[in-house]
DNA sequence: GTCTATATTGGGATAGAC
DNA sequence: GTCTATCCCAATATAGAC
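Residue numbers (this note's numbering), protein chains in the order written: chain A, 8 to 223; chain B, 8 to 223.
Set out below in structure tokens:
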């Protein structure tokens, strides 16, 4: 059974919002990527949204309520894209390459990753929000494993899971290096990564050449 | 020529500090990992250090001055360990394995990585501090390339650089997943990574099995 | 070098008018 | 649903005593 569309560990809060609330949330995202977490004040967000500051409390209850909605929205927005694109492609070699192409594209979306890393400290310290991040990572690892399995596998075989974890780590790690240095050319590294992954999954789990690592 | 010890792109501020200032800086690091960036107030740091709040301004000039010292100190502390450990081991296969073992250990130091990710948003937005992070990443990539070259190479060959970038990304990416879920077992993934890296460098740049990626 | 007292700012919450 | 006025608190900065 393939992944159903809404197997995500949290929900996009956007559709449930009144139009004013949706505008406020979008404004908050712009403020976040442009000016950072500290700039997320009622005053600043309201000005960006063209609304009255008191409306934020009315729609989200409190600052914490707004932040919770913002976190889900930021985490969610990246996840949706991937699953849409991956389900549109047949399993097997074609989907492997699509997954890698999508992951290569992620670090290019600097606004989204900027928001992600701005929120990380806040999420990690909040007992309500941390499980959302854990769920997101878990979901990404499952998605990558699913996309990397063979066309004729019902479930991803065991040897795929570690590779899925690495793939997720690579995307985030490269995005961070890219944020630190926008001029960084990570294409050669990603080309290498593509060769490593495809060689691994399409050989059924062979890693390393003849001189490779110690047997387990 | 191997890396000299102080080829780092920034300097550890600690040695230049008066004893009181050093105590304050260490206290700030503890506050940061325990309570986060927002908790970094004169009051909180001074209480943690057992000093008077006004002394922070005296020794560091301002909040910004304290943060600059803190950033360098946090970034620096991880870098020193690596180079010490790596220069203690002969080049070639032994050093390759030592590098990987060290990278595997990094995500375990949750306090250090917590501080790192707490500071990331602040560093990325500060025009003074961002170059320090860029320099750190550049230095890590160079260090990893140097550690992954063959014993008889004077300089790391071309094909090593992309692998060094990936290795740095893996460490940060895994650390992030680990912070989101302390129970995460990333050992199978790191074992796979070890096999991939060793197979690659010890075969002189062969990536992927017979079914591997497209030729360049 | 160390400490106290105070000025100033800015953000979040509350109450209530419209 | 939208807006104004106000209270309260926390944090940085300043000046100056010791």
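The C-beta atom is built at its ideal place from N, Cα and C for all residues, glycine as well.
For residue 163 (chain A), there are no C-beta contacts with chain B under 8 Å, since the nearest C-beta of that chain is about 13 Å from it.
Between residue 151 (chain A) and residue 176 (chain A), the C-beta gap is not smaller than 8 Å, which leaves the two residues out of contact. For residue 27 (chain A), the uninterrupted alpha helix (DSSP H) run begins and ends at 26 to 42, by DSSP. Contact between the segment 109 to 125 of chain A and the segment 31 to 47 of chain A is present, with at least three C-beta pairs closer than 8 Å. In terms of beta-carbon proximity, residue 22 (chain A) stays away from the interface with chain B, with every pair separated by 8 Å or more.
For secondary structure counted as the alpha helix (DSSP H) over 4 or more consecutive residues, the segment 87 to 168 of chain A holds these complete runs in sequence order: 100 to 112, 117 to 132 and 137 to 155.
For residue 135 (chain B), the nearest beta carbon of chain A is not closer than 8 Å to its own beta carbon. Residue 79 (chain A) and residue 17 (chain A) do touch by the CB rule: their CB atoms are close to 5 Å apart, below 8 Å. Taking a cut-off of 8 Å for Cβ pairs, the segment 132 to 144 of chain B and the segment 72 to 87 of chain B touch, as three or more such pairs fall below it.
In this structure, residue 161 (chain A) lies away from residue 99 (chain A), with their beta-carbon atoms at least 8 Å apart.
Distance between residue 193 (chain A) and residue 191 (chain B), taken at the CA atoms: about 27 Å. Counting C-beta atoms within 10 angstroms of its own C-beta, residue 70 (chain B) has fewer than 16 neighbours from the protein chains shown and is therefore classed as exposed. Interface residue (Cβ-Cβ distance to chain A less than 8 Å): residue 184 (chain B) is classified as such. Distances from the alpha-carbon of residue 195 (chain A) to those of B:186, B:14 and B:214 put B:214 closest.
Less than 8 Å separates the beta-carbon of residue 113 (chain A) from that of residue 178 (chain A). C-alpha of residue 130 (chain A) to C-alpha of residue 209 (chain B): approximately 41 Å in a straight line. Boundaries for residue 193 (chain B): no alpha helix (DSSP H) harbours it, and the DSSP string shows neither H nor E there. Residues 92, 93 and 96 of the same chain have their beta carbon placed closer than 7 Å to that of residue 105 (chain A), with the five preceding and five following residues left out of the count.
Counting along the chain, residue 67 (chain A) sits inside the alpha helix (DSSP H) bounded by residues 60 to 67. Taking CB atoms only, residue 179 (chain B) has a neighbour in chain A less than 8 Å away. The C-alpha of residue 147 (chain A) is placed about 13 Å away from the C-alpha of residue 181 (chain B).
The Cβ of residue 112 (chain A) sits no closer than 8 Å to any Cβ of chain B. Closer than 8 Å to the CB of residue 85 (chain A) there is not a single CB belonging to chain B. Interface annotation, residue 196 (chain A): in contact with chain B, CB-CB separation under 8 Å. In this structure, DSSP gives residue 48 (chain A) a state outside helix and strand, which the three-state scheme calls coil. Annotation for residue 136 (chain B): 78 and 130 place their beta carbon closer than 6 Å to its own, counting only its chain and skipping 5 residues before and after. In this structure residue 20 (chain A) is not in contact with residue 56 (chain A), their Cβ atoms being roughly 16 Å apart against a cut-off of 8 Å.
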